[in-house]
Structure formats: C-alpha cells, structure tokens
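The structure appears below as structure tokens.
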Amino acid sequence: MIGGSDMVFPAVGDAATLEACARIVARRWPDVRFEDAVTGDKYPRLSEIPFGKIRQLLAYPNAGAEAAWDADSPDSPENSMLLLIARPDDFTVVLDNPETAEMRSLLDAIHNLLWEDIHNAYARAA
Amino acid sequence: MSTITDSPTALEQLLRENELGWMIDMYWPPEHAIPFLLKQLDRLTVEFRARLGYDASFAPETLKAEAERNPHKIRAFLQALGVSGSPEMLLMVWRILQGLSIREVALNYRELQAFSLSVTLARPGDEQDELETYNSGDINDAALLRNFGITTLDGRPLFDGFFPSRKK
C-alpha cells in the first residue's frame, strides 16, 4: 500500500491543477509513468493524459517502479509511487514520506504553483 | 475543401460554454466578432504550417473535440485568442499546451518607447533539442504571461505550462 501521508492543498482541484502538478512531477522524474488510479489506464507520456476525465492520477518515477507496484512487490522503495487527487475544494498528494529532500522540493513546487488558489481559499475563510 | 470560416456556430458555442461570450458581445459590431476570430484561427493554421512544416486543425469542431479530453487547455487557448491578435503568439501558446517547456522569456519595456517579448520553447528534458522562439512587439501580449504556471523548483525559477484564468 502507498504510505500514510496526505498533503492537502486548499486549492481548486480541477483538470488544470492536476496537469500543473503532473508537469512538476514529470520534471522531478523525467522517466515518470502515469496511471489513472480509477480505471488503471496507463500513460507513458504526459501529453497523452486526458486530464478532463481523470481525478486521481498515480505517478511512478520509472517503468521499473511501475512494474514493481503492478506486481504488488513488497520491496517497492519509499516514495516510488505518488497519488494525486483533484477534488473541487482541494488538491492532495498521497505519498510515503514527505520529509525526504526530493519530496520536500516537489511539494514546495506544488505549493508555489498553487499559491494564488491557496491565498484565495484563506481569504474566503477569513 | 472547407475552411475554418465555415464554422461560426461551433465557435460561438465553444466561447459561450467557456464563459468567454464577452469576446463576442463586447466586439463592435458583435456580429463581426466570430468572422474575425475565425480568420485569426485561419492565420494560426497558416503560421503552424509555416513554422512546423505540417498541418494542424484549429477548426472549432477540432477544438471542441479536444475540450472533451482537456477542457482546461481549450479554455486557456480561447482566453489567449481573446488577448492576442498575433498568430505567432497564439502558436507559442498552443505549443506550450502541447507540452513544450518554456526555456526562456525575454521582456523589454521602456515607457512610451518600446516593448518586446520573446519566448523560447523546447521539448522537455532535451537540452540539445531544437528551440522554437516566438516574438511580439505588441504590449497587449504581455497579458499572456499571466497564464503561465509560475513556481520554483529547488529554489530556482520556473515557468511551466499555460493555464486558464479562473473565475472569480
């Protein structure tokens, strides 16, 4: 099972947000593989993803990690799969360990990217 | 052979579905808006072929079909169509929507004297890949930068993607 940290960003979780964050993941992982978490449809390239039809997207750093997860391997390394969840009122990244340098960098980039949405959410709540 | 200008109803429907009806209603006279925008799409088709050497369709029906897969991309593109009169800048937007990386942005401005914007794109991850540079001397095109995804990666500046402005 994917690990136990849900990083929730109070941003509009729509197709644009999902693509923006997937692009950041692809920068961090140049050999990334994506998969629709609901249907299991796989997308070797970012440009092939129909973001308008997907709300939960799995990301693997490479084909090897993807194969290990597909095989339910108990040896899948930490943070070798991310789950991106887009909901109307938030965007969530589910991962094993958010404290690694790699994941902190990735989460910081997503936070910066969604900053305007996050700012607006806090302004509405104030 | 049909042209994009055969598709006025489809474009109006697409604009209104994306809450961009103002692009028609604010144009004067309004009935000239759709023919003008269709011509813009025709000019973009020509620009695409001239720059990239193969054909792409920007017919409203094609955009509508893509909107079913990626509604945010078409919304962002239509917003750009409302901002820029430059086929070159619209092609730049389209190429980012197709997945190209924004390698360099150069903006020069001198009050009441000069404006220039240059955006260089390339395929992601390949430093040796062919660069595509798009230029504008129209200050209105500066508004396109508002749709760039803006972030930092490891503390380094990053423009990534072209996204629709949200409803307030």
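Chains as they are written, first to last, in this note's numbering: chain E, 6 to 131; chain L, 24 to 191. Ideal placement from N, C-alpha and C gives every residue a C-beta, glycine not left out.
Quick check on TYR77/L: buried or exposed, where buried means 16 or more other Cβ atoms within 10 Å of its Cβ?
Here residue 77/L is taken as the residue at index 54 of the second sequence, counted from 1. TYR77/L should be labelled exposed.
So with CB distances below 8 Å, who are the chain E contacts of ARG92/L?
Within the second sequence, numbered from 1, the residue matching residue 92/L stands at position 69. Going along chain E in sequence order, the residues near ARG92/L (Cβ under 8 Å) are PRO55, PHE56, GLY57 and LYS58.
Using a C-beta to C-beta distance shorter than 8 Å, which residues of chain L count as neighbours of VAL37/E?
Residue 37/E sits at position 32 when you count from the first residue of the first sequence. Residues of chain L passing the Cβ test: none, with the nearest at roughly 11 Å.
Based on Cα-Cα distance, which residue from ARG74/L, ILE47/L, PHE59/L and PRO94/L lies nearest to LEU120/L?
For this step, residue 120/L is matched to residue 97 along the second sequence. Nearest of ARG74/L, ILE47/L, PHE59/L and PRO94/L to LEU120/L, Cα basis: PRO94/L.
For a cutoff of 8 Å on Cβ pairs, would you count LEU176/L as touching chain E?
For the purposes of this step, residue 176/L is taken as residue 153 along the second sequence, with counting starting at 1. So yes, LEU176/L belongs to the interface.
Enclosing alpha helix (DSSP H) for GLY105/L [first to last residue]:
Position 82 of the second sequence, counted from the start, is the residue given in the question as residue 105/L. It spans 94-106 - the alpha helix (DSSP H) in which GLY105/L sits, taken as one unbroken run.
ARG133/L in three-state terms, based on DSSP:
Here residue 133/L refers to the residue found at position 110 of the second sequence. Looking at ARG133/L - three-state DSSP - the assignment turns out to be strand.
Got a sec, what are the start and stop residues for the alpha helix (DSSP H) PRO31/L sits in?
Your numbering for residue 31/L matches position 8 in the second sequence. Per DSSP, the unbroken alpha helix (DSSP H) holding PRO31/L starts and ends at 31-40.
Applying the 10 Å Cβ sphere with the 16-neighbour rule, what's the burial state of ARG109/E?
For this step, residue 109/E is matched to residue 104 along the first sequence. Exposed, by the Cβ-count rule.
Beta-carbon of ILE29/E versus every beta-carbon of chain L: anything under 8 Å?
Looking up residue 29/E in the first sequence gives position 24. The C-beta of ILE29/E comes closer than 8 Å to at least one C-beta of chain L.
Buried or exposed (CB count within 10 angstroms, at least 16 for buried), VAL116/L
In the second sequence, residue 116/L corresponds to position 93, counting from 1. Counting of Cβ neighbours within 10 angstroms places VAL116/L among the buried residues, the total reaching 16 or more.
What are the start and end residues of the beta strand (DSSP E) that includes THR22/E?
Working through the first sequence from its first residue, we reach residue 22/E at position 17. Taken as a continuous stretch (DSSP letters only), THR22/E belongs to no beta strand (DSSP E), being part of the alpha helix (DSSP H) at 20-33.
Between ALA103/L and LEU123/L, is the Cβ-Cβ spacing less than 8 Å?
Translated into the one-based positions of the second sequence, residue 103/L becomes position 80. Translated into the one-based positions of the second sequence, residue 123/L becomes position 100. Going by C-beta atoms, ALA103/L is not nearer than 8 Å to LEU123/L.
Segment contact, 8 Å Cβ cut-off, at least three pairs: the stretch 50-57 of chain E with the stretch 15-25 of chain E:
At 8 Å Cβ cutoff, the stretches touch.
Drop a sphere of 10 angstroms on the beta-carbon of GLY172/L, count the other beta-carbons inside from all chains shown, and report buried for 16 or more, exposed for fewer.
Translated into the one-based positions of the second sequence, residue 172/L becomes position 149. Label assigned to GLY172/L: buried.
Closest by CA to LEU113/L, which one among PHE185/L, GLU35/L and ARG189/L?
Working through the second sequence from its first residue, we reach residue 113/L at position 90. Comparing Cα positions, the closest option is PHE185/L.
Where PRO21/L meets chain E, residues with beta-carbon distance less than 7 Å:
In this structure chain L extends from 24 to 191, so residue 21/L is not present and cannot be described.
In chain order, each alpha helix (DSSP H) run of at least 4 residues that lies wholly inside the stretch 59-93 of chain E:
With a minimum length of 4 residues, the continuous alpha helix (DSSP H) runs that stay inside the stretch 59-93 of chain E are 68-75.
Does the Cβ-Cβ distance between ARG28/E and LEU176/L come in under 8 Å?
Position 23 of the first sequence, counted from the first residue, corresponds to residue 28/E. Position 153 of the second sequence, counted from the first residue, corresponds to residue 176/L. No, they are not a contact pair.
If you drop the 5 nearest sequence neighbours on each side, which residues of the same chain put their C-beta closer than 6 Å to that of PRO83/L?
Translated into positions along the second sequence, residue 83/L becomes position 60. The answer, listed in chain order, is SER30, ALA33, LEU34 and LEU37.
Specify, as a first and last residue, the run of the alpha helix (DSSP H) that ARG109/E falls within.
Here residue 109/E corresponds to residue number 104 of the first sequence, with the count starting at 1. Its alpha helix (DSSP H) spans residues 106-118.
Less than 7 Å between C-beta atoms, sequence neighbours within five positions excluded: which residues of the same chain meet that for ALA166/L?
The residue labelled residue 166/L in the question sits at position 143 within the second sequence. Closer than 7 Å at the Cβ level, and outside the excluded window around ALA166/L, lie VAL106.
Whether LEU135/L touches ASP164/L by CB criterion (8 Å):
Looking up residue 135/L in the second sequence gives position 112. Looking up residue 164/L in the second sequence gives position 141. Cβ atoms of LEU135/L and ASP164/L: not closer than 8 Å.
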